[in-house]
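Chemist: Numbering (my numbering), first residue to last: 565 to 1762. Beta carbons are placed, not taken as given, at the ideal position from N, Cα and C, and that holds for glycine. Structure incoming, see below.
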């Protein structure tokens, strides 16, 4: 590449001059290329450790003048070819011009101007977005691409200097973190280490310090544990690695690939070595933390934050904290935890004004809202910017009240006046509203949490759930959204709606609200609307239980938005098909049990109880395992605290039952103890009539059960386990998510391998390795093949076998690296044909089973099976019409096959009628009359058994025989020969193979020519032959049978003579064939024609040609009448019509028999190839490395 001329003082230091003229020098870096010795090793090591640009560009061109000691670098190159191109351009375009100048300064000025002009011309076509990254970072990205062979679409996020521990020896080098890979490169005194790991393969990331390793990062995959240390900023590196691994897990989970945010504001001052991608990821992390802290909608983006103080009227203090400003909200969080949280939606703001500054309160700002509340901030640094921001928002926002839909249905709660404690609760909350405000702008303090712990009054529950969960914000900003969804989903049916209908009457059936159609209809509308909003989740069991409780305290629209907050923000990934979120939190629960209850943890693991209890507890928020009046108090605390409260309550329940659980002998006993305990958790303050609980049967016994007060249980959980932090839980969630998703991927791999192993010749180990390669190729298309839209074709609802599918281009890449039939430049053509053959449903995608079926055909089976695959690759649908013009024959064959297939669910009468060659109108009428009667009979058990038998027969694998294969036209045969010639070009015994295939091809071409003569003769009963496909034709005469048998009897002698005569074989065979053909009778065609049309039965056990096989061919594979003659007789002419080249054809039996005469061909196709070695080689060459002295590659995917 051309460089803006840079001054170079020491042109000879560490560089070797290879070419020179009066004005330019072409130099190579010492240590690059051949030789170099010790000096080269030292220079290479220095380049790596110091991150020199010479690693990327080991060649350069300098401009010089005779009297000047200063040199100017004008070009650099990564290869000799690239630098030579620049050198030749300079010699051809500048040398003559420069020789005219007298002044050396003029020469240098002219060269500089010319080079700047070239660079400006090249930059016209470059994308402007690349200017965002600093120059040093672009250089590092070029190094990464060159070193690891990555395409341009693979973006570097950041790179760090560190050491990789290989054994006990640290290798100093550079760690490159890209969007999809972790890469490391080191070169120390000739020892090179290259590591490439996909993020989707990472099973564990840990930052720890041990005696052996200093503070280091441990990266675990299924096969390796890698240690990196000596980072300048290990915390920043580890945080970025976590983010990238998390993005990869999200891709595995729901196909969410990484999309860079192009709308990030540009930094005020240029950042030295930080890429736009790194800034994007940092912004994402801050956004996620901001939204989680204040329960804001998922599209809310943080603009910035600043330190300030907030005046709190309830305690008359200025509380220090941070103000956060985003698109639609101003939020405040105090530095002291839980001292005060505040959320001010900008839609609620009416006035914002700057107050007078003073030494006590510098830069004060007051914000007034529609609810008559005024918030007073001080110590703001960017007060003017903030005022301008709010003013702009108010100007562009129309002043209209958000409209909420009418309450379509809501359960009438009990009269709260019937309980004194309920009245006291209401009074406490009214006082709280008076002091701290009401609505979204309420001050949220420790006092708020205390009131929630004591239980929310029945008539305030819906309102406060909406506020604490953040659902209120989404509801008021999306007016009419729910009503539109209900209208759109009305009358629509899919898998989700079927599951919803099935579960409607199981949703709190003991509650009177859902014992009538009104409540059921409301529940149906909410669940169906959400299934249409989020088809990825659709509907999951347990959603019905939670939604039914929400409907008791909210109207339908409010319950819908609460469900949105629950599924998409508060319990992420809980309600998908694999309940990943619940499994992740189950892992956290196990980890917390080990930390807080170490005595109980080991016992619970042995019993396997935690995995059973946690899913039912977490998915339904205890609603399905605890009396309703008590469980609803848990829901109060959950909406305020989040998953942190559910975890600490679960720990408190285990702690309360520790002694009994330690004495348990099995899982059933432990479940009974916990079930009885939870069933007796009561809420004595409830004003609602008690609702019978499903677990009442567990309380039966002689001793009266001991009741546990729910409020005491909640208080105990806060006293013992309140030091759980939300940030720590998020960190643990990341760690467990890696483990859970990789475990699910392993399960999927085992399921797929088990599903296909019965029909495929590969071993379990080989299938697992093939699955790894297949999945890696699919994932690569997700993040490198944007034009393929690979992510869009993965449907999580499909079985595991169907989830990963690849297109033709990806298949070609795999085929080229894995096929045992290497055909040079012809290999991609062969790959395309095999893809079309495997793609039975014609959707241009194949799944794993289809992929390994194709691979198995080339690797396993005997000579016949392998040749059969090769034969099929040169017939439609594998062969494109563009590749040969005479594909009509084979196409007609496939069409006939399809029409004669019989469904296993058709009755015997229909089967007989379908196979009739002539059908009268009376027959058709009879079938129509019998149709309904058959349907009625189909309900009887006898008919069901019949259908099951038919289905079982259909499911049995029917081995395809060589008789089922159609004949091959001349042009198709030529394509086959072309493939064989390409296939043998790289073989060690290629000369023998070429001679063998030349002999066979010549013989087969002559056989086809002989067949043409007979196919042109008119035949008797041609119409009968066409209409009657029976194995033995009724019109055959004894004379013709005898002549046919005599032809067959002559063949063995001819075979033996051919074998001894060598080169005279084709001529002799042709003469014999003519004799045989003449003697076979006018109405019969040739023996081979009769065999292919199934008009005769086998008489002999084996063809004489099978004598030369090496034992791989079964006796029944070749028919007794297989002669090296093809005469496409009357039935052929009738079947295919008189089109070009249809009178020349060759059958599979003839090709097989001819190839069996050549030992070289037999040995080639029976040669065993180790596919595991092929896979290993494929992983090594997947990326092109710049050097290969001593590299390591860890690119194992799972």
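Which word fits residue 1683, buried or exposed, when buried means at least 16 other C-beta atoms lie within 10 angstroms of its C-beta?
Modeler: Taking the first residue of the chain shown as 1, we reach residue 1683 at position 1119. For residue 1683, the predicted structure reports a pLDDT of 40, less than 50, and the residue's modelled location is therefore unreliable. The matter cannot be settled from this model.
Chemist: Between the Cα of residue 901 and those of 1010, 985, 1311, spot the shortest distance and give me the residue it belongs to.
Modeler: Working through the chain shown from its first residue, we reach residue 901 at position 337. If we check each option's Cα against that of residue 901, 1010 comes out closest.
Chemist: Within 10 angstroms of the Cβ of residue 938, are there 16 or more other Cβ atoms? Answer buried if so, exposed if not.
Modeler: The residue labelled residue 938 in the question sits at position 374 within the chain shown. Result: exposed.
Chemist: My output table needs one value for residue 1796: the three-state DSSP class, helix, strand or coil.
Modeler: For residue 1796 there is no data in the structure shown, the boundaries of the chain being 565 and 1762.
Chemist: Can you grab the Cα-Cα spacing for the pair residue 1120 / residue 1086, in whole Å?
Modeler: Counting from one through the chain shown, the residue named residue 1120 turns up at place 556. Counting from one through the chain shown, the residue named residue 1086 turns up at place 522. Going from the Cα of residue 1120 to the Cα of residue 1086 covers about 7 Å.
Chemist: Which class does residue 1168 belong to by DSSP, given the choice of helix, strand or coil?
Modeler: Translated into positions along the chain shown, residue 1168 becomes position 604. Here residue 1168 sits in helix by DSSP.
Chemist: Grouping DSSP H, G and I as helix and E and B as strand, with all else coil, what is residue 810?
Modeler: Mapped onto the chain shown, residue 810 falls at position 246. Residue 810 sits in a helix when the DSSP states are folded into three classes.
Chemist: Count the other CB atoms within 10 Å of the CB of residue 1617; is the residue buried (16 or more) or exposed (fewer)?
Modeler: As a first step, residue 1617 must be located in the chain shown, where it is residue number 1053. In this predicted model, residue 1617 has a pLDDT of only 41, less than 50, meaning its place in the structure is not dependable; the value taken from the coordinates is given anyway. With fewer than 16 Cβ atoms within 10 Å of its Cβ, residue 1617 is classed as exposed.
Chemist: Use the C-beta contact count for residue 639: other C-beta atoms within 10 angstroms, 16 or more gives buried, fewer gives exposed.
Modeler: Position 75 of the chain shown, counted from the start, is the residue given in the question as residue 639. Buried, because 16 or more other Cβ atoms sit within 10 Å of the Cβ of residue 639.
Chemist: Between the segment 1124-1139 and the segment 1100-1112, do three or more beta carbon pairs fall short of 8 Å?
Modeler: yes
Chemist: Rounded to whole angstroms, what's the CA-CA distance from residue 662 to residue 629? Just pull it up for me.
Modeler: The residue labelled residue 662 in the question sits at position 98 within the chain shown. The residue labelled residue 629 in the question sits at position 65 within the chain shown. Approximately 11 Å between the Cα atoms of the pair.
Chemist: Mapping the DSSP letters down to three states, classify residue 625 as helix, strand or coil.
Modeler: The count along the chain shown starts at 1 and reaches residue 625 at position 61. It is a strand residue.
Chemist: Put residue 793 into one of helix, strand or coil per three-state DSSP.
Modeler: For the purposes of this step, residue 793 is identified with residue 229 of the chain shown, where counting begins at 1. The answer is strand: DSSP assigns residue 793 an E or B state.
Chemist: CB residue 703 to CB residue 720, shorter than 8 Å?
Modeler: For the purposes of this step, residue 703 is identified with residue 139 of the chain shown, where counting begins at 1. For the purposes of this step, residue 720 is identified with residue 156 of the chain shown, where counting begins at 1. In this structure, residue 720 does not lie closer than 8 Å to residue 703 by Cβ.
Chemist: Using a Cβ-Cβ cut-off of 6 Å (strictly less than) and excluding sequence neighbours within five positions of residue 1368, which residues of its own chain qualify?
Modeler: Here residue 1368 is taken as the residue at index 804 of the chain shown, counted from 1. Result list for residue 1368: 1339, 1342, in chain order.
Chemist: If I follow the unbroken alpha helix (DSSP H) through residue 1372, where does it start and stop?
Modeler: Locating residue 1372 in the chain shown gives position 808, where the first residue counts as 1. From DSSP, the alpha helix (DSSP H) with residue 1372 extends over 1372-1382.
Chemist: Quick check: the Cα distance between residue 873 and residue 1276, rounded to an integer number of angstroms?
Modeler: Indexing the chain shown from 1 puts residue 873 at position 309. Indexing the chain shown from 1 puts residue 1276 at position 712. In a straight line, the C-alpha of residue 873 is about 37 Å away from that of residue 1276.
Chemist: Based on Cα-Cα distance, which residue from 954, 1184, 883 lies nearest to residue 925?
Modeler: In the chain shown, counting from the first residue as 1, residue 925 sits at position 361. For the residues 954, 1184, 883, the minimum Cα distance to residue 925 belongs to 883.
Chemist: Beta-carbon within less than 8 Å of residue 685's beta-carbon, same chain only, minus the 5 sequence neighbours each way: which residues are those?
Modeler: Numbered from 1 along the chain shown, position 121 holds the residue referred to as residue 685. Closer than 8 Å at Cβ, skipping near neighbours: no residue.
Chemist: Applying the criterion that 16 or more other CB atoms from any shown protein chain within 10 Å of the CB defines a buried residue, is residue 1553 buried or exposed?
Modeler: As a first step, residue 1553 is located in the chain shown; it is residue number 989 there, counting from the start. The residue is exposed, with fewer than 16 neighbouring Cβ atoms inside 10 Å.
Chemist: Between the C-alpha atoms of residue 1250 and residue 1321, what's the straight-line distance to the nearest angstrom?
Modeler: Walking along the chain shown from the start, residue 1250 turns up at place 686. Walking along the chain shown from the start, residue 1321 turns up at place 757. Computed Cα separation, rounded: 59 Å.
Chemist: Measuring straight from C-alpha to C-alpha, what distance separates residue 578 and residue 593?
Modeler: Position 14 of the chain shown holds residue 578. Position 29 of the chain shown holds residue 593. Each residue's Cα considered, the two are about 6 Å apart.
Chemist: For my contact list, residue 1542 and residue 1710 are in at a C-beta cut-off of 8 Å; report their separation, rounded to the angstrom.
Modeler: As a first step, residue 1542 must be located in the chain shown, where it is residue number 978. As a first step, residue 1710 must be located in the chain shown, where it is residue number 1146. Wrong, their Cβ atoms sit about 15 Å apart, outside the cutoff.
Chemist: Span of the alpha helix (DSSP H) holding residue 653?
Modeler: For the purposes of this step, residue 653 is taken as residue 89 along the chain shown, with counting starting at 1. Here the alpha helix (DSSP H) through residue 653 covers 644-657.
Chemist: CB-CB under 8 Å to residue 1181, same chain, minus the five flanking residues each way: which ones, in chain order?
Modeler: Translated into the one-based positions of the chain shown, residue 1181 becomes position 617. Hits under 8 Å: 1189, 1210, 1214.
Chemist: Identify whether residue 1042 lies in helix, strand or coil by the three-state DSSP scheme.
Modeler: Working through the chain shown from its first residue, we reach residue 1042 at position 478. Coil, per DSSP.
Chemist: Check this for me: beta carbons of residue 913 and residue 933, under 8 Å apart or not?
Modeler: In the chain shown, residue 913 corresponds to position 349, counting from 1. In the chain shown, residue 933 corresponds to position 369, counting from 1. Yes, they are a contact pair.
Chemist: Assign residue 1157 to buried or exposed, taking buried as 16 or more other Cβ atoms, counted over all protein chains shown, within 10 Å of its Cβ.
Modeler: Here residue 1157 refers to the residue found at position 593 when the chain shown is read from its first residue. Answer is buried; the Cβ neighbour count reaches 16.
Chemist: Residues in the same chain with beta-carbon distance under 8 Å from residue 566, minus the five sequence neighbours each way, listed in chain order, please.
Modeler: Looking up residue 566 in the chain shown gives position 2. Within the same chain, 638, 639, 650, 679, 682, 683, 686 come within 8 Å of residue 566 by CB-CB distance, once the 5 residues on both sides are set aside.
Chemist: Check residue 1080 in the structure and name its three-state DSSP category.
Modeler: What you label residue 1080 is simply residue 516 of the chain shown in a count that begins at 1. Residue state, collapsed to three classes: coil.
Chemist: Could you say which of 815, 800, 867 lies nearest to residue 838 if we only look at CA atoms?
Modeler: Taking the chain shown and counting its residues from 1, the one referred to as residue 838 is at position 274. Checking every option, the nearest Cα to that of residue 838 belongs to 800.
Chemist: Applying the 10 Å Cβ sphere with the 16-neighbour rule, what's the burial state of residue 634?
Modeler: Counting from one through the chain shown, the residue named residue 634 turns up at place 70. By the 10 Å Cβ count, residue 634 comes out exposed.
Chemist: Looking only at its own chain, which residues have a Cβ that is under 7 Å from the Cβ of residue 1112, when we skip the five neighbours before and after it?
Modeler: By 1-based counting over the chain shown, the position of residue 1112 is 548. Cβ neighbours of residue 1112 beyond the five flanking positions: 1071, 1072, 1078, 1087.
Chemist: Measuring straight from C-alpha to C-alpha, what distance separates residue 1232 and residue 1171?
Modeler: Start at 1 with the first residue of the chain shown, and residue 1232 comes out as number 668. Start at 1 with the first residue of the chain shown, and residue 1171 comes out as number 607. Rounded to whole angstroms, residue 1232 to residue 1171 spans 9 Å at the Cα level.
Chemist: Starting from the N-terminal side, write out each stretch of the alpha helix (DSSP H) that is 4 residues or longer and does not extend beyond the segment 665-733.
Modeler: 668-687, 699-712
Chemist: So is residue 1103 buried or exposed if we call it buried at 16+ other beta carbons inside 10 Å?
Modeler: Numbered from its first residue, the chain shown carries residue 1103 at position 539. It counts as buried.
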